[in-house]
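Trainee:
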Amino acid sequence: RRYFGEKIGLYFAWLGWYTGMLFPAAFIGLFVFLYGVTTLNHCQVSKEVCQATDIIMCPICDKYCPFMRLSDSCIYAKVTHLFDNGATVFFAVFMAVWATVFLEFWKRRRAVIAYDWDLIDWEEEEEEIRPQFEAKYSKKERMNPISGKPEPYQAFADKCSRLIVSASGIFFMICVVIAAVFGIVIYRVVTVSTFAAFKWALIRNNSQVATTGTAVCINFCIIMLLNVVTSETLIIFFTEQPRTESEWENSFTLKMFLFQFVNLNSSTFYIAFFLGRFTGHPGAYLRLINRWRLEECHPSGCLIDLCMQMGIIMVLKQTWNNFMELGYPLIQNWWTRRKLRQEYGTQGEKSFPQWEKDYNLQPMNAYGLFDEYLEMILQFGFTTIFVAAFPLAPLLALLNNIIEIRLDAYKFVTQWRRPLASRAKDIGIWYGILEGIGILSVITNAFVIAVTSDFIPRLVYAYKYGPCAGQGEAGQKCMVGYVNASLSVFLVSDFENRSEPASNGSEFSGSPLKYCRYRDYRDPPHSPVPYSYTLQFWHVLAARLAFIIVFE
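Take the sequence shown: its letters are residues 1 to 552, numbered as in full-length UniProt numbering.
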């Protein structure tokens, strides 16, 4: 604060406070993960999956995917338990409370800082009109009723038309992001069949994981590409012409954050809430453009896909950000020194006075602390919004932030010119954005637990259908038979022609398979209404909706 001024001092105060508050979240998240590790051998569901050598699952794609034993997905069932266990709901509730407490405690911390730094009585002077605004609207003037002086005036119709153009531009950019996600969906449904027919046994046997892994990496490349293509310049073009500099900054910040947030999280939302939800059932699959069969979840559930998505994107993005944050100015400064050595010689460069050496450093970017805040706010969103599916997210964020604080300090002091000091009372519009993320995190975590994880189906089975039904108990002994109850039966002869697998499954029993199993709650093929939803499906759906309401 003494060297850079209150505005930059507040950024480091906020970053330090956020990092400090991550310690309890990271500790509880690590505890949830370790609880999953210690209870792994006692988990009845993963035991049943690993021992289910006689349960044959229907193929997960057309033609090339073979029938598979449920026990083949034993490792995925165990990994899923690490993240989706009895402590996950507690952790989701804790993180919802944590996000709110973090913001409320920051208010108190900011008030202490404002008092210590003598900012309580400081008020920004009346802001000057932006030169761009003045140049555009100087021909239309009206009398300011307060000051009594004429000033540029923007007509209401002009303001509305600019708002419409601005909103349309941002909406178009968000549609481009959604189109990219749609491309990833098509890639996933096409590639799972290709990997299933691959000549390498390792990829052929793990076609779904290979598809998910490559799709996440491609998705990361698309996220970074869209960040570059639709850079600040394009957002500035779509930002309307507000009257003052602070109004312009707020408008620009909100639009840039909205685009970056949708770009980073849209594919995660697809995996969490849409993957495997609208696939139909064997014999009546729903298809994309009446051609590609929609991707199904792994026999152990969709949570493993969500964990992979979050883990890979979070690690890659934080690594890339840290590299660019320090590497880019280091390379620029090295190039500047190289040119100076060529021009003045090695001795001439060393004899420069300190002020000239400082001047040859890189200037702070034109948007001030915008990039620093944006990186941390996006990380805050990633840490809170889907944390129920990936409890290690706060730990990764904490480790990154410990490095981030030192990198930022090194960059400000040694790689950038010292910026002009300026005062500020708070972190501005970013606080409102943080509040919005906190509200969204409560909603999404409720849906992740209710819809994506198997917490609710297991609870319904334990209390209503399992061996302890009606006894008010829900321990591991009450989960006996859960896996069999969560799978429906399909008559192999009912396959559509284009879905019929290449093999007939004779490698399992010596004769062609008559039946296979799939994840759903549907009636058997010989019932009066074949493949219609069972009563258990409606019980699970009602419990999911009830949980969401109670959690909210």
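Where is the CB? At the ideal position from N, CA and C, for every residue including glycine.
Quick one: complete alpha helix (DSSP H) runs, 4+ long, within the region 361–435?
Mentor: Listed in chain order, the complete alpha helix (DSSP H) runs (minimum 4 residues) inside the region 361–435 are 370–385 and 393–410.
Trainee: In chain order, what residues of the same chain have a beta carbon less than 7 Å from the beta carbon of alanine 502, not counting five sequence neighbours either side?
Mentor: Position 502 of the sequence shown, counting from 1, holds the residue named residue 502. Result list for alanine 502: Lys63 and Tyr64, in chain order.
Trainee: In terms of DSSP beta bridges, what is phenylalanine 490 paired with?
Mentor: Walking along the sequence shown from the start, residue 490 turns up at place 490. According to DSSP, which records beta bridges pairwise, phenylalanine 490 is partnered with Cys516.
Trainee: Compute the beta-carbon to beta-carbon distance between leucine 513 and valine 483, rounded to the nearest angstrom, for a pair I have assumed lies under 8 Å.
Mentor: Locating residue 513 in the sequence shown gives position 513, where the first residue counts as 1. Locating residue 483 in the sequence shown gives position 483, where the first residue counts as 1. About 19 Å separates the two Cβ atoms, so there is no contact after all.
Trainee: Give a yes or no on whether the C-beta atoms belonging to threonine 253 and isoleucine 120 are separated by under 7 Å.
Mentor: Here the question's residue 253 lines up with position 253 in the sequence shown. Here the question's residue 120 lines up with position 120 in the sequence shown. It is not a contact, given that the beta carbons lie outside the stated cut-off.
Trainee: Looking at the unbroken beta strand (DSSP E) that takes in proline 150, where does it start and where does it end?
Mentor: By 1-based counting over the sequence shown, the position of residue 150 is 150. Residues 150–152.
Trainee: How big is the Cα-Cα spacing for alanine 272 and leucine 303?
Mentor: Looking up residue 272 in the sequence shown gives position 272. Looking up residue 303 in the sequence shown gives position 303. Looking at the two C-alpha atoms, the distance is approximately 8 Å.
Trainee: Please look up how many angstroms separate the CB atoms of tyrosine 521 and valine 540, rounded, as I've assumed it's under 8 Å.
Mentor: The residue labelled residue 521 in the question sits at position 521 within the sequence shown. The residue labelled residue 540 in the question sits at position 540 within the sequence shown. Their Cβ separation, rounded to whole angstroms, is 7 Å, which keeps tyrosine 521 and valine 540 in contact under 8 Å.
Trainee: Using the Cβ count rule (16 or more neighbours within 10 Å means buried), how would you classify lysine 199?
Mentor: The residue given as residue 199 occupies position 199 in the sequence shown. Under this definition lysine 199 is an exposed residue.
Trainee: Would you report the Cα separation of isoleucine 129 and phenylalanine 370, rounded to the nearest angstrom?
Mentor: Here residue 129 is taken as the residue at index 129 of the sequence shown, counted from 1. Here residue 370 is taken as the residue at index 370 of the sequence shown, counted from 1. One C-alpha to the other measures close to 21 Å.
Trainee: How far does the beta strand (DSSP E) with glutamate 141 in it extend, from its first residue to its last?
Mentor: Locating residue 141 in the sequence shown gives position 141, where the first residue counts as 1. Segment 141–143, the beta strand (DSSP E) holding glutamate 141.
Trainee: Pull up the distance between the alpha-carbon of serine 509 and that of phenylalanine 323, whole angstroms please.
Mentor: Locating residue 509 in the sequence shown gives position 509, counting from the first residue. Locating residue 323 in the sequence shown gives position 323, counting from the first residue. Roughly 55 Å separates the two Cα atoms.
Trainee: Compute the Euclidean distance between the alpha carbons of isoleucine 437 and threonine 384, then round it to the nearest angstrom.
Mentor: For this step, residue 437 is matched to residue 437 along the sequence shown. For this step, residue 384 is matched to residue 384 along the sequence shown. Going from the Cα of isoleucine 437 to the Cα of threonine 384 covers about 8 Å.
Trainee: Less than 8 Å between the CB atoms is what I'm expecting for isoleucine 174 and valine 262, so what's the real figure, rounded?
Mentor: Counting from one through the sequence shown, the residue named residue 174 turns up at place 174. Counting from one through the sequence shown, the residue named residue 262 turns up at place 262. That pair is a contact at about 5 Å.
Trainee: So what's glycine 466 in DSSP terms, helix, strand or just coil?
Mentor: For the purposes of this step, residue 466 is taken as the residue at position 466 of the sequence shown. Reduced to three states, the DSSP call for glycine 466 is coil.
Trainee: Looking only at C-alpha atoms, which of Tyr373, Trp538, Ala111 and Gln208 sits nearest to tyrosine 11?
Mentor: In the sequence shown, counting from the first residue as 1, residue 11 sits at position 11. Checked all of Tyr373, Trp538, Ala111 and Gln208; the closest Cα to tyrosine 11 is Tyr373.
Trainee: How would you call phenylalanine 182, buried or exposed, if buried means at least 16 neighbouring beta carbons within 10 angstroms?
Mentor: In the sequence shown, residue 182 corresponds to position 182, counting from 1. Its Cβ having fewer than 16 others within 10 Å, phenylalanine 182 is exposed.
Trainee: Within 10 angstroms of its Cβ, does lysine 7 collect 16 or more other Cβ (buried), or is it exposed?
Mentor: As a first step, residue 7 must be located in the sequence shown, where it is residue number 7. Lysine 7 should be labelled buried.
Trainee: Hey, how far is the Cα of valine 209 from the Cα of alanine 114?
Mentor: Here residue 209 is taken as the residue at index 209 of the sequence shown, counted from 1. Here residue 114 is taken as the residue at index 114 of the sequence shown, counted from 1. Straight-line Cα distance between these residues: approximately 51 Å.
Trainee: Please look up how many angstroms separate the CB atoms of leucine 330 and glutamine 415, rounded, as I've assumed it's under 8 Å.
Mentor: Residue numbering aside, residue 330 sits at position 330 when the sequence shown is read from its first letter. Residue numbering aside, residue 415 sits at position 415 when the sequence shown is read from its first letter. The Cβ separation is near 6 Å, so the contact holds.
Trainee: From this set, Trp106, Gly213 and Val315, which residue's C-alpha is nearest aspartate 305's C-alpha?
Mentor: Numbered from its first residue, the sequence shown carries residue 305 at position 305. Out of Trp106, Gly213 and Val315, Gly213 has the C-alpha closest to the C-alpha of aspartate 305.
Trainee: Okay, do the region 357–366 and the region 438–446 touch, 3+ Cβ pairs below 8 Å being the bar?
Mentor: No: fewer than three Cβ pairs fall under 8 Å.
Trainee: Where alanine 26 and alanine 393 are concerned, what is the direct C-alpha to C-alpha distance, given to the nearest angstrom?
Mentor: Along the sequence shown, read from residue 1 onward, the residue named residue 26 stands at position 26. Along the sequence shown, read from residue 1 onward, the residue named residue 393 stands at position 393. The alpha-carbon atoms of alanine 26 and alanine 393 are separated by roughly 8 Å.
Trainee: If you compare alpha carbons, which of Gly16, Phe4 and Tyr3 is closest to arginine 406?
Mentor: For the purposes of this step, residue 406 is taken as the residue at position 406 of the sequence shown. Answer by Cα proximity: Gly16.
Trainee: Should the region 451–470 be called in touch with the region 530–549, which here means at least 3 C-beta pairs below 8 Å?
Mentor: Yes, since at least three Cβ pairs between the region 451–470 and the region 530–549 fall closer than 8 Å, the two stretches touch.
Trainee: For my contact list, leucine 395 and glycine 29 are in at a C-beta cut-off of 8 Å; report their separation, rounded to the angstrom.
Mentor: As a working note, residue 395 is residue 395 in the sequence shown. As a working note, residue 29 is residue 29 in the sequence shown. Contact flag correct, Cβ pair sits at about 6 Å.
Trainee: Have a look at Thr268, Ala157, Cys478 and Cys58 and flag the residue whose alpha-carbon is nearest the alpha-carbon of glutamate 496.
Mentor: As a working mapping, residue 496 is identified with position 496 in the sequence shown. Ranking Thr268, Ala157, Cys478 and Cys58 by Cα distance to glutamate 496 puts Cys58 first.
Trainee: If you compare alpha carbons, which of Tyr518, Tyr465, Cys478 and Gln476 is closest to leucine 487?
Mentor: Translated into positions along the sequence shown, residue 487 becomes position 487. For the residues Tyr518, Tyr465, Cys478 and Gln476, the minimum Cα distance to leucine 487 belongs to Tyr518.
Trainee: Determine the contact status of proline 282 and leucine 70, defining contact as a CB-CB distance below 7 Å.
Mentor: Locating residue 282 in the sequence shown gives position 282, where the first residue counts as 1. Locating residue 70 in the sequence shown gives position 70, where the first residue counts as 1. No.
Trainee: Return the residue from the list Ser251, Tyr187, Phe102 and Val216 that minimises the CA-CA distance to isoleucine 170.
Mentor: The count along the sequence shown starts at 1 and reaches residue 170 at position 170. Considering only alpha carbons, the answer is Ser251.
Trainee: Tell me whether the beta-carbon of proline 131 lies closer than 7 Å to the beta-carbon of glutamate 141.
Mentor: The residue given as residue 131 occupies position 131 in the sequence shown. The residue given as residue 141 occupies position 141 in the sequence shown. It is not a contact, given that the beta carbons lie outside the stated cut-off.
Trainee: Can you grab the Cα-Cα spacing for the pair threonine 244 / cysteine 160, in whole Å?
Mentor: What you label residue 244 is simply residue 244 of the sequence shown in a count that begins at 1. What you label residue 160 is simply residue 160 of the sequence shown in a count that begins at 1. Whole-angstrom Cα-Cα distance: 17 Å.
Trainee: Below 8 Å CB to CB, which residues in the same chain sit around phenylalanine 91 once its five sequence neighbours on both sides are set aside?
Mentor: Position 91 of the sequence shown holds residue 91. Within the same chain, phenylalanine 91 has close Cβ partners Ile28, Gly29, Val32, Val387, Ala388 and Pro391.
Trainee: Suppose the cutoff is 8 Å on Cβ atoms and the five residues either side in sequence are ignored; what does the same chain contact list for tryptophan 122 look like?
Mentor: Numbered from its first residue, the sequence shown carries residue 122 at position 122. Result list for tryptophan 122: Arg423 and Lys425, in chain order.
Trainee: Taking the alpha carbon of tyrosine 76 as the point to measure from, which residue in Phe220, Gly301, Ala52 and Thr534 has its own alpha carbon closest?
Mentor: On the sequence shown, position 76 is the one that residue 76 refers to. Out of Phe220, Gly301, Ala52 and Thr534, Gly301 has the C-alpha closest to the C-alpha of tyrosine 76.
Trainee: List, from N- to C-terminal side, the alpha helix (DSSP H) runs of 4 residues or more that fit wholly inside the region 151–229.
Mentor: Runs found: 156–196, 201–205 and 207–229.
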